[in-house]
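A.B. asks: Numbering-wise (my numbering), the sequence shown opens with residue 7 and increments by one. Glycine included, every Cβ here is placed at the ideal spot set by N, Cα and C. I'd like to ask some things about the structure below.
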Amino acid sequence: MMTRFLMSVAALGLTAGVAAADYKLTILHTNDFHSRFEPISKYDSGCREGDNAEGKCFGGSARLVSAIADARNRSNNSILVDGGDQFQGSLFYTYYKGKAAAEMMNKMGYDGMTVGNHEFDDGPEVLRGFMDSVGFPVLMSNADVSAEPALADVLKKSTVIERGGEKIGLIGLTPEDTHELASPGKNITFSDPVVAVQAEVDRLTAEGVNKIIVLSHSGYGVDQRVAAETKGVDVIVGGHSNTYLSNVSDRAVGPYPTMVNGVAIVQAYAYGKFLGELNVTFDEAGNLVEAKGEPLIMDGTVAEDEATVARIAELAQPLDEIRNKVVAEAAAAVDGDRQTCRIQECQMGNLVADAMLDRVKDQGVQIAIANSGGIRASLEPGEVTMGEVLTILPFQNTLSTFEISGQELVAALENGVSQVEEVKGRFPQVAGLTFTWDPTVAPNEGRVQEVMVDMGDGFTPLDPAKTYLVVTNNYVRNGGDGYKVFSGDDKNAYDFGPDLADVLAEYLAEQGAYSPYTDGRIAQK
């Protein structure tokens, strides 16, 4: 438990006695950008046409370009770093792999980045191509890449940069279980982050570097452990857990920065929705004596750099090739009409839920729940293009897996059928379970009845005390469409799986000529 280490900057007394010889540095940072070069909605999905002009959207590279320039103008010394996972998450990555990310990061002038697990989604070769294209170091300390030809002698554990006449050590971290999360290949072995960081700190310290920043794509919890169990680290710029830290928002997981063992830990949520801005002061001996700041929201008040807007639009043009690509075949029309799917079991709902469950069933996941509001179209018979799949599932949602009790699962289904009369998008399409619901019962008062779960050898009644493994999309897992019972950090969740549209396209391709169906998995009394 790291709770006892958490305290405010003021509690540490770091703000006292700033001397003339002290060195001030602004650390600008991003993490988990996931190819969101275009603006996103408040749900972290694609921004609908017209909404951005009305100021309803967030992020996008053009806003980051402007915000970074403004922040640099406010500081005598600044660096810009990234906590990993620039790759994956939109058609820009599908088409360009790391090339678009390299171009935009070079334009913004990054000084360093750590490797995220998604940087390995297409193997070490694609990561190497990205590294060859960027003008800054990409780092990873807790892995042995000496047996991987694409990365050996190229991917460094740490580096030293200079700013304002002072040396700053940067150390990279990636998830220790990256081999389970991505495709790094058999030639790379990952190791404990604490041991790896301490080894690099000791080496850098021996070289006379006394200001050390860890770029960690390891998650908020691991970052706290690294801070508590190492000596010599000053700042940890995090990623992987998409954690929102803030001193002003009641939605924040913790303070910005979170202080652990004298180390300032920061993270800036994800998807370019925020630009982290941490202002630190070191004394002459390199000790951290002040750390304060706040993530800057990239909302409609942040002007978009016009040249970047034009370049992103240019990069988007070839994506039509992907949208026209034939990926599967449908033997008959698949009904995804909102007037059907938002009140009852529907063909498209079964298809989407089946595809979700099929993708993760080898992980022991038993149940899939999809919100009908995420289903935006039906499917015509004949050839199926990726554009049609993206029309059905346009929101760039990712698979989320998590644990939940049977009792909480019933509460989730109750939420799902609570607004049927209003034809709301929370109606649950499911796989791996069946349930009956009674519209004559008041919402959230016991509408859901006779829930059965497929345990592999047949359907058995749901056990309220049993823990089940569930897959949904990241929007629903984080409380979207009223599914608050799914949210929280106590679910052993992983919210950053593959894009749901890709999952559906690949599942359809495996089925041959897909025949739609309903089978009574959702019944109404």
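1. Taking Pro199 as part of the alpha helix (DSSP H), name the residues at either end of that continuous run.
2. Since His35 sits in a beta bridge, which residues does DSSP pair it with?
3. Measure the alpha-carbon distance for Ala339 versus Asp460 and round it to whole angstroms.
4. Rounded to the nearest angstrom, how far is the Cβ of Glu283 from that of Leu34, given a contact under 8 angstroms?
5. Along the chain, where does the beta strand (DSSP E) that runs through Met458 open and close?
6. Going by C-alpha to C-alpha distance, which of Ala108, Asp91, Gly171, Ser252 sits closest to Thr184?
7. Whole-angstrom Cβ separation of Phe142 and Met119, contact assumed at under 8 angstroms?
8. Under a three-way DSSP split, which group does Glu351 fall into?
9. Taking just the CA atoms, how far does Pro434 sit from Ser378?
10. Please give the ranges of any alpha helix (DSSP H) in the region 348 to 409, keeping only runs that are unbroken, at least 4 residues long and fully inside the region.
11. Is it true that the CB of Ile219 sits closer than 9 angstroms to the CB of Leu176?
12. Taking Asp198 and Glu213 to be in contact with their CB atoms under 8 angstroms, please state how far apart those CB atoms are, rounded to whole angstroms.
13. Residue range of the alpha helix (DSSP H) that Leu70 falls in?
14. If I measure Cβ to Cβ from Lys497 and keep anything under 7 angstroms in the same chain, skipping five residues before and after, which residues do I get?
15. At which residues does the beta strand (DSSP E) containing Ser222 begin and terminate?
16. Could you check the C-alpha separation between Asp341 and Tyr101 for me, to the nearest Å?
17. Looking only at C-alpha atoms, which of Pro467, Pro470, Gly464, Ser493 sits nearest to Thr478?
18. In angstroms with no decimal places, state the Cα-to-Cα distance between Ile46 and Arg527.
19. Throw me the rounded Cβ distance for the Leu468 and Val416 pair, which I believe falls under 8 angstroms.
20. Whole angstroms are fine: how far does the CA of Met458 sit from the CA of Gln369?
21. Run through DSSP, which three-state label would Gly129 get?
22. Taking the straight line between their C-alpha atoms, what separation do you get for Lys103 and Asn79?
C.D. replies: So, to answer that:
1. 199 to 212
2. Val87, Gly282
3. 28 angstroms
4. 6 angstroms
5. 454 to 460
6. Asp91
7. 7 angstroms
8. coil
9. 6 angstroms
10. 353 to 366, 392 to 398
11. yes
12. Asp198 to Glu213, Cβ: 23 angstroms. No contact.
13. 67 to 79
14. Phe408, Glu409, Ile410
15. 218 to 222
16. 29 angstroms
17. Ser493
18. 34 angstroms
19. 7 angstroms
20. 20 angstroms
21. helix
22. 32 angstroms
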